[in-house]
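Visitor:
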Amino acid sequence: MFRAHRNPYDRGLDLLGVKIVELGYPNNIDVVTEEGLENAITDKTVGLLYLPSTNGGWVPPGALELDKTIAICKKHDIPVVVDAAAQLPPKSNLWHFTTEMGASAVTFSGGKDIKGPQTTGLVLGKKDLLSWVNQNNFPNYGIGRMNKVGREELAGIYVALKQYVEHDEAQRLADAEEMVASFVDAFDTSDAFHFERTFPNEAGQPLPRAKLIITKAGLAPEEIRERLLNLPAPIFSMVENGHLYVNPYTIHAQEAAYILGVYKDIQQKGENLTMISIPEGAVQHTTAGPYSPVLEVSGFKKLVVISGQAPLDLEGKLIGDTIEEQTIKTLENCKAQLAKAGCTFENVFKVNAYMKDTADWPRFNAVYREHMAQPFPVRTAVGVSLLENFKIEIEMWAAI
Numbered sequence: 109m110f111r112a113h114r115n116p117y118d119r120g121l122d123l124l125g126v127k128i129v130e131l132g133y134p135n136n137i138d139v140v141t142e143e144g145l146e147n148a149i150t151d152k153t154v155g156l157l158y159l160p161s162t163n164g165g166w167v168p169p170g171a172l173e174l175d176k177t178i179a180i181c182k183k184h185d186i187p188v189v190v191d192a193a194a195q196l197p198p199k200s201n202l203w204h205f206t207t208e209m210g211a212s213a214v215t216f217s218g219g220k221d222i223k224g225p226q227t228t229g230l231v232l233g234k235k236d237l238l239s240w241v242n243q244n245n246f247p248n249y250g251i252g253r254m255n256k257v258g259r260e261e262l263a264g265i266y267v268a269l270k271q272y273v274e275h276d277e278a279q280r281l282a283d284a285e286e287m288v289a290s291f292v293d294a295f296d297t298s299d300a301f302h303f304e305r306t307f308p309n310e311a312g313q314p315l316p317r318a319k320l321i322i323t324k325a326g327l328a329p330e331e332i333r334e335r336l337l338n339l340p341a342p343i344f345s346m347v348e349n350g351h352l353y354v355n356p357y358t359i360h361a362q363e364a365a366y367i368l369g370v371y372k373d374i375q376q377k378g379e380n381l382t383m384i385s386i387p388e389g390a391v392q393h394t395t396a397g398p399y400s401p402v403l404e405v406s407g408f409k410k411l412v413v414i415s416g417q418a419p420l421d422l423e424g425k426l427i428g429d430t431i432e433e434q435t436i437k438t439l440e441n442c443k444a445q446l447a448k449a450g451c452t453f454e455n456v457f458k459v460n461a462y463m464k465d466t467a468d469w470p471r472f473n474a475v476y477r478e479h480m481a482q483p484f485p486v487r488t489a490v491g492v493s494l495l496e497n498f499k500i501e502i503e504m505w506a507a508i
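Under my numbering, the sequence shown is numbered contiguously, ending at residue 508.
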C-alpha cells in the first residue's frame with residue numbers, strides 16, 4: 109500500500125492479520141516508481157489496496173499512477189483493490205476502475221452519492237475474487253459476519269443503485285451550477301462577504317461549490333459558522349482551510365434556498381454581525397429554566413440597555429390580572445423599547461426578571477419561553493416587592 113494512501117479506514121485490514129507494507133511518502137519528493145513497486149513485491153505479497161484521487165481531491169501525492177500499478181501487479185498475479193468510496197460522481201466510475209482499467213475489484217460506499225442505506229457498500233470486480241468475499245461475508249460464518257445487513261438494507265441499496273445508474277448526470281451538473289450561481293449572483297455587491305465558484309469539490313468530485321469570501325475586517329468564518337448552528341433550523345458547515353462552502357453535493361434545491369435566505373439576512377444586517385452563542389462545553393443543572401448558563405458576545409458595535417418594563421400601556425394603565433397576561437404585556441413593552449434602538453429579542457443576551465410572587469415562576473417561564481429567541485439570554489430572576497399591582501418587571505441588555 110502506498111503511504112500516501114493510508115487513512116483511518118484502512119485499519120480494518122488489521123483484523124485480517126495481514127502486514128501492511130508501506131511504499132514511498134505522501135509528498136512530491138519521493139514518489140514511488142515502477143521499479144520501486146517491482147522491488148517491493150515478494151512471494152508473500154497477497155494484494156495491493158489503492159486509493160484513487162481525481163481532479164485534486166484530498167489524497168496527497170506520492171503514489172505510482174493506477175494504470176502503472178495495475179500493469180505491474182498483473183505481471184505478478186497480484187490483485188489490485190481500489191477503494192473508491194468517495195469517487196462518485198461520475199457514475200462511470202462504477203465500471204471505469206475494473207472494466208476499463210483492469211483493477212481486480214473496486215469498493216464504493218452505499219451511502220454518499222448513491223444515497224442508499226449508510227450501512228451498505230458495494231464490492232464490484234472479478235467473479236473469482238468476489239467469491240472469496242461471499243465465502244467470508246454474511247450469511248456465512250466468516251470475518252464479515254459481523255458486518256451483516258438486513259433485507260430492508262439490501263432492498264434499499266438495490267433501488268438506490270438502480271436510480272443512480274439511471275439518473276441524468278448532465279442535468280444534475282447543470283442544477284449544481286445553477287445553485288452555485290445563485291449564491292455568487294446574490295452577494296457580489298456585499299461589503300461583508302461574497303461567494304466565488306470553485307471546482308472540483310473537496311473530494312475531487314466533478315461538482316462545483318460556492319466558496320464564502322469574507323471581506324469585512326474582524327469577521328471570522330468561525331463566527332458565521334456558529335451563527336448558522338444556532339438557528340432554529342441549524343445549518344452545519346465545516347470551516348475548510350479558512351473558508352465556508354455551500355456544497356450542492358450534500359443539499360437539495362429547497363435546502364439551498366433556505367441557506368441562501370439565511371446568508372441574505374446576515375448580509376442585510378451589514379456591519380451588525382453580532383454573535384451571541386453558548387461556549388462549547390457549557391452546562392447547567394437539569395431543572396434550569398429557559399436561560400443560558402453563560403454566553404459569549406462578539407462583533408457588536410453598541411450595547412443597548414432598557415429600563416425595567418412593567419405591564420402598562422402608554423397611558424400608565426395596568427394591563428392584565430394574571431401573571432401570563434402581565435408577562436405578555438411586559439415583553440411587548442420590552443420589544444418596543446428595543447426596536448427604538450434597532451434591536452429584537454435575538455440581540456438580547458442578558459435579562460433581569462423581578463417577580464412579586466415566586467410561586468408564579470413556572471407560569472412566567474412558559475410565556476417567556478415562547479417569546480424569547482435562542483440561545484436564551486442569561487438571566488437573573490428574583491422575588492421582590494413591586495409597585496402598584498405589578499406581578500412582573502423585566503429589564504434587558506442587548507448588543508448589535
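Glycine included, C-beta positions come from ideal geometry on N, C-alpha and C.
1) Looking at S212 and V188, is the spacing between their C-beta atoms short of 8 Å?
2) State buried or exposed for E501, treating a residue as buried only when at least 16 other CB atoms are found within 10 Å of its CB.
3) Compare the C-alpha of N455 against each of G424, V412, A467 and name the closest.
4) Would you mind giving the Cβ-Cβ distance between Y462 and V492, rounded to the nearest angstrom? I have them listed as a contact below 8 Å.
5) With distances taken between CB atoms, is the gap from F453 to K443 smaller than 8 Å?
6) Buried or exposed: D421, going by 16 or more other Cβ atoms within 10 Å of its Cβ?
7) Excluding the 5 residues flanking Y353 on each side, which residues of the same chain have their C-beta closer than 6 Å to its C-beta?
8) Which class does H113 belong to by DSSP, given the choice of helix, strand or coil?
9) I think A361 touches M287, with their Cβ atoms under 8 Å apart; what is that distance to the nearest whole Å?
10) Comparing C-alpha positions only, which one of L202, L145, T395, T297 sits nearest to E274?
11) Report the option in E440, R477, A489, F484 whose CA atom is closest to the CA atom of K464.
12) Count the CB pairs spanning the region 292 to 302 and the region 251 to 267 that are closer than 8 Å, and state whether there are at least three.
13) Between I427, D118, A418, E432, which lies nearest to E503 when the distance is taken from Cα to Cα?
14) Would you call R305 buried or exposed, if buried means 16 or more other Cβ atoms sit within 10 Å of its Cβ?
15) At what residue ranges does the region 384 to 454 contain a whole run of the alpha helix (DSSP H), taking only runs of 4 or more?
16) Would you kindly check if the distance between the Cβ of L159 and the Cβ of H113 is under 8 Å?
17) By how many angstroms is the C-alpha of M109 removed from the C-alpha of N135?
18) Taking the CB atoms as reference points, tell me whether I251 and N244 lie closer together than 8 Å.
19) Is it the case that the Cβ atoms of R111 and G125 are separated by a distance below 8 Å?
20) Could you tell me which whole alpha helix (DSSP H) segments of length 4 or greater appear in the region 197 to 260?
Guide: Walking through what the data contain:
1) yes
2) buried
3) V412
4) 5 Å
5) yes
6) exposed
7) R317, K319
8) helix
9) 7 Å
10) L202
11) A489
12) no
13) A418
14) exposed
15) 431 to 448
16) yes
17) 15 Å
18) yes
19) no
20) 235 to 243
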